[in-house]
Amino acid sequence: MAAANDVDHYACHRLRPVTDGPPFAHIEGVRLADQFGTRYLDLTTPRHLCSPVSNNGAGIKHPGGYFLCYRVQLSLAAPQDALGSALELHTSNEFGPGRLAAIRQAELCVPSVRTPGPRGCFSRDSSPTGFDAIVAAGFTVIDTGTDPGVVNALPAGRRALVWLGNYDNTTCMWERSDDWVIANVAPLAGNPKVEAYNLADEPRLWQCPSAVRDLAARSALVKSLDPGRPTFAVIQPHFPENPYAPYVGAVDIIGVDRYPCSWAAGCVYAKIDETIGLLEAAKVPRYWAIVQAFADSYYRWPTVGELHEEFRHWRASRMEGYVVFSWAYLGDSLANHPDLLSALTAENGS
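To convert a position in the sequence shown, counted from 1, into our numbering, add 5.
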């Protein structure tokens with residue numbers, strides 16, 4: 006039995022059927038054996054989705070540990086011992102001990118594990134490989150260049166976000182030519198250690214009207230060389246209209262860098278919520294959050310609690326994964342902030 010301090014707290018969300026999908030098909034005759042005996046249940050409808058949550062700022066211990074709870078009734082198609090109504094359950098938790106009576110079966114909750122998405126970190130650490138400390142912190146996607154030796158050296162379970170050079174918002178041209186891309190992507194084609202190809206960091210459509218067209222062409226070139234791997238670009242949230250709509254279809258995955266914590270305003274999490282709304286309005290099919298863990302003259306370091314709040318808001322979205330910015334930036338490093346590094350390790354689920 007798991008120790009009490011190794012079990013997450015859960016928040017359960019009531020469900021309702023969507024109107025544009027098929028109706029839920031009843032699941033009949035599910036055999037249930039527990040301390041009360043053996044019974045057969047019919048699952049009539051999904052009722053609640055229970056997700057792990059932080060308690061008083063503590064990290065989530067099992068981020069993928071979801072439960073889907075079904076409304077049930079005793080199956081009439083199989084013999085069973087009905088659960089009596091006077092069984093006493095002795096409980097003890099942070100609110101104190103107690104005794105409860107089990108009246109009837111109402112719901113059956115089954116593990117509905119969400120496979121953790123990509124958990125990346127930009128930049129490199131100071132280890133000989135450049136990623137030992139990043140891997141130890143539980144990150145699964147490593148910021149690399151195109152060197153096959155570096156990509157192949159990643160440990161099991163880790164994959165590369167391969168940087169192909171940036172889009173220059175001054176010249177409105179690529180830093181690297183198509184010929185360079187062909188020469189450097191071809192040796193990586195089909196490599197299972199590649200997670201995605203990173204094409205650009207914040208192309209500016211308002212400075213370069215051809216930015217979307219150029220990005221789409223670069224994405225098409227990369228996918229012609231390695232069709233099995235997605236393309237990725239970080240899109241800046243500043244634009245007179247929806248900043249993400251023009252880029253839908255230009256790359257496979259949009260990186261979303263809406264940083265909430267500044268020196269002047271503190272942490273404004275409504276920025277993340279607003280950005281999620283823009284992504285939904287633009288119907289962006291796939292996106293990764295870029296999580297703030299850095300400081301400069303405008304942005305400040307988040308505290309441990311503020312960092313968790315970033316994750317909490319992003320996890321309410323459809324994000325497929327996230328990349329933390331940044332392990333090292335402007336002469337500082339996450340290694341110099343052990344409290345944040347410990348918090349990120351917990352968020353990564355390692």
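Every residue gets a Cβ at the ideal spot worked out from N, C-alpha and C, and that includes glycine.
Where does residue i fall in DSSP's three states?
i	result
residue 53	strand
residue 6	Note that residue 6 scores 46 on pLDDT, short of 50, meaning its location in the model is unreliable; the coordinates nonetheless yield the value given after this. Three-state result, residue 6: coil.
residue 265	coil
residue 142	coil
residue 340	helix
residue 114	strand
residue 12	coil
residue 20	coil
residue 95	strand
residue 155	helix
residue 304	strand
residue 103	strand
residue 73	strand
residue 130	coil
residue 289	coil
residue 46	strand
residue 137	helix
residue 3	As displayed, the chain neither begins before 6 nor continues past 355, which places residue 3 out of reach and without an answer.
residue 226	helix
residue 333	strand
Can you tell me where the alpha helix (DSSP H) with residue i in it begins and where it stops?
i	result
residue 346	343–353
residue 280	275–286
residue 316	309–319
Between which two residues does the beta strand (DSSP E) holding residue i run?
i	result
residue 32	32–39
residue 293	292–297
residue 327	326–330
residue 108	Per DSSP, residue 108 belongs to no beta strand (DSSP E) and is neither H nor E.
residue 237	236–240
So, is residue i buried or exposed, given that buried needs 16 or more other C-beta atoms within 10 angstroms?
i	result
residue 297	buried
residue 108	exposed
residue 352	buried
residue 229	exposed
residue 198	buried
residue 342	buried
residue 303	exposed
residue 138	buried
residue 211	exposed
residue 348	buried
residue 6	A caution first: residue 6 carries a pLDDT of 46, below 50, which makes its placement in the model too unreliable to give a value.
residue 315	buried
residue 318	buried
residue 182	exposed
residue 243	exposed
residue 358	With the chain running from 6 to 355 in the structure shown, residue 358 is simply not present.
residue 81	exposed
Taking 7 Å as the cut-off, is the CB of residue i close to at least one heavy atom of the ligand SAH?
i	result
residue 30	The ligand SAH is absent from the structure shown, which contains no ligand whatsoever.
Pop quiz: residue i and residue j are said to be a contact at Cβ under 8 Å. What is the actual Cβ separation, rounded to whole angstroms?
i	j	result
residue 373	residue 204	Residue 373 lies beyond the range of the chain shown here (6 to 355); nothing can be said about it.
residue 295	residue 261	6 Å
residue 163	residue 187	Not confirmed; about 26 Å, so no contact.
residue 100	residue 125	In fact, because the Cβ distance is near 39 Å, the residues do not count as touching under 8 Å.
residue 161	residue 149	Going by Cβ atoms, the distance from residue 161 to residue 149 rounds to 16 Å, so no, they are not a contact pair.
residue 256	residue 236	5 Å
residue 249	residue 289	5 Å
residue 231	residue 190	6 Å
residue 75	residue 113	5 Å
Taking Cβ positions only, does residue i come closer than 8 Å to chain D?
i	result
residue 264	The structure shown has no chain D; it contains just one protein chain.
* Quick one: complete beta strand (DSSP E) runs, 3+ long, within the region 163–223? -> Secondary structure remark: continuous beta strand (DSSP E) runs of at least 3 residues inside the region 163–223, in chain order: 164–168, 199–206.
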